[in-house]
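Chains H and S are the protein sequences, given in the same order. For the first sequence, the positions run 4 to 96 when the numbering used here is used. For the second sequence, the positions run 763 to 919 when the numbering used here is used. In this text, a Cβ means the ideal position worked out from N, Cα and C, and glycines have one as well. As the structure is a prediction and not an experimental result, all values here were calculated from the model.
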Amino acid sequence: MSSTFDQIATIIAETCDIPRDTITPESHAIDDLGIDSLDFLDIAFAIDKAFGIKLPLEKWTQEVNDGKATTEQYFVLKNLCARIDELVAAKGA
Amino acid sequence: MQIEYFQLIDRIIDLNIGEKTITVEAQVPEKSTIFEGHFPGYPIMPGVLLTEAMAQSSGWLLLGLMKFERMPFLAMIKEAKMRGFVSPGQLLTIDAKIEHEGSGFAVTSAKVRVGNELKCSADLTFRHIPFPHPDLRVHMDAMAHKIGFPQQAMTHE
């Protein structure tokens with residue numbers, strides 16, 4: 004079974020036509036990979052379907068806008084994967 | 763259909779909040795300045811307007827699901843396929859259903875038929891936000907009344 008990161012990297016590569024080998028756990032989806040908000044909707048759709056969750060994008064965006072969180076907390080891929088793992092675990096609890 | 767005002771949906775035939783589906787009708791006018799240019803001697807409904815009609819149908823469905831608390835805006839069109847010409851005077855039946863409800867966005871699929879003939883289809887993504895201006899909410903309420911939007915689907919119980 005592939006890791007969360009492998010699945011996310013594949014989704015990003017296929018959705019945004021980004022070479023898979025340029026995507027690392029340290030990549031920032033916005034700053035490093037250049038993914039814009041519209042492309043991220045597509046990615047969120049694919050992640051929601053693949054993991055059976057609902058990424059709380061609005062909550063995250065609000066937290067960033069309010070200065071309560073940084074974009075790194077949600078959009079550096081290793082952190083995004085950790086959030087996804089938490090959501091999957093919460094779903095199964 | 764008031765084509766020049768982009769008011770493409772005439773009436774809601776069925777809105778099923780539980781199944782997350784909608785069916786609407788739209789009567790293409792016999793005459794419009796649009797048909798004078800698209801095309802001389804062979805008037806057909808532009809594909810972009812058929813796509814817009816699918817988006818508006820999906821939009822009414824989303825408004826119902828969100829109890830008119832948020833307004834959906836078209837963000838992405840995928841797999842738009844124009845399968846046959848639509849002529850002035852034809853009655854469109856448009857079906858839309860929810861494919862996914864995300865956080866601040868939703869994905870629908872929609873299709874346009876004339877009779878039993880499938881004319882076009884598309885997958886559509888919408889962002890939705892709280893109504894950005896009270897005038898827009900008033901307008902959407904008036905439009906909902908005009909097209910027969912079920913009143914019980916407009917408010918929270």
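Assigned exposure category for residue i - 16 Cβ within 10 Å defines buried
i, result
"Met4(H)", "Any reading at Met4(H) needs caution, since the residue's pLDDT is 47, under 50, leaving its predicted position unreliable; the model's value is listed next. Met4(H) is exposed by the Cβ-count criterion."
"Lys881(S)", "buried"
"Thr795(S)", "exposed"
"Glu919(S)", "The predicted model places Glu919(S) with a pLDDT of 48, which falls under 50 and marks its position as unreliable, so this point remains unresolved."
"Glu781(S)", "exposed"
"Leu80(H)", "buried"
"Pro834(S)", "buried"
"Ile765(S)", "buried"
"Val900(S)", "exposed"
"Pro22(H)", "exposed"
"Asp45(H)", "buried"
"Ile891(S)", "exposed"
"Leu898(S)", "exposed"
"Ala92(H)", "exposed"
"Phe768(S)", "exposed"
Where residue i meets chain H, residues with beta-carbon distance less than 9 Å
i, result
"Ala872(S)", "What Ala872(S) touches in chain H: nothing, since even the nearest Cβ is about 16 Å away."
"Val900(S)", "Residues of chain H passing the Cβ test: none, with the nearest at roughly 25 Å."
Interface partners of residue i on chain H, CB under 8 Å
i, result
"Met838(S)", "Leu41, Leu44 and Asp45"
"Thr887(S)", "Leu44, Asp45 and Phe48"
"Val869(S)", "Phe48"
Candidates the options, of which the one nearest residue i by Cα
i, options, result
"Leu36(H)", "Asp51(H), Ala53(H) and Ile15(H)", "Ile15(H)"
"Leu770(S)", "Leu854(S), Asp903(S) and His800(S)", "Leu854(S)"
"Leu41(H)", "Leu836(S), Leu827(S) and Val876(S)", "Leu836(S)"
"Asp51(H)", "Met905(S), Lys840(S) and Phe867(S)", "Phe867(S)"
"Ala817(S)", "Asp903(S), Gln914(S), Lys873(S) and Phe893(S)", "Lys873(S)"
"Ala12(H)", "Lys62(H), Phe78(H), Lys57(H) and Val91(H)", "Phe78(H)"
"Glu863(S)", "Gly803(S), Gln764(S), Leu827(S) and Lys843(S)", "Leu827(S)"
"Ile806(S)", "Gly799(S), Ala815(S) and Val848(S)", "Val848(S)"
"Asn82(H)", "Ala93(H), Gly95(H), Glu17(H) and Thr27(H)", "Thr27(H)"
"Ala32(H)", "Glu17(H), Thr74(H), Lys94(H) and Ala49(H)", "Thr74(H)"
"Arg832(S)", "Ser865(S), Asp772(S) and Gly846(S)", "Ser865(S)"
"Lys94(H)", "Glu17(H), Leu58(H) and Asp34(H)", "Leu58(H)"
Beta-carbon proximity of residue i to residue j, cut-off 7 Å
i, j, result
"Leu886(S)", "Ser820(S)", "yes"
"Val810(S)", "Pro850(S)", "no"
"Ala858(S)", "Leu825(S)", "no"
"Ile56(H)", "Leu90(H)", "yes"
"Gln779(S)", "Gly910(S)", "This sequence places Ile at residue 779(S); Gln is not what is there. No, the Cβ-Cβ distance between Ile779(S) and Gly910(S) is not below 7 Å."
"Phe43(H)", "Ile87(H)", "no"
"Ile856(S)", "Ala884(S)", "no"
"Asp776(S)", "Thr785(S)", "yes"
Proximal chain H residues relative to residue i, where beta-carbon distance stays under 7 Å
i, result
"Val876(S)", "Within 7 Å Cβ-Cβ: nothing; Val876(S) doesn't reach chain H, min ~30 Å."
### Residues within the region 843 to 866 of chain S neighbouring chain H, beta-carbon criterion of under 7 Å
His862, Gly864, Ser865 and Gly866
### Message
Taking beta-carbon pairs under 8 Å, can you tell me which members of the region 34 to 68 of chain H lie near chain S?
### Response
Leu41, Leu44, Asp45, Ala47, Phe48, Asp51, Lys52, Lys57, Leu58, Pro59, Leu60, Glu61, Lys62 and Thr64
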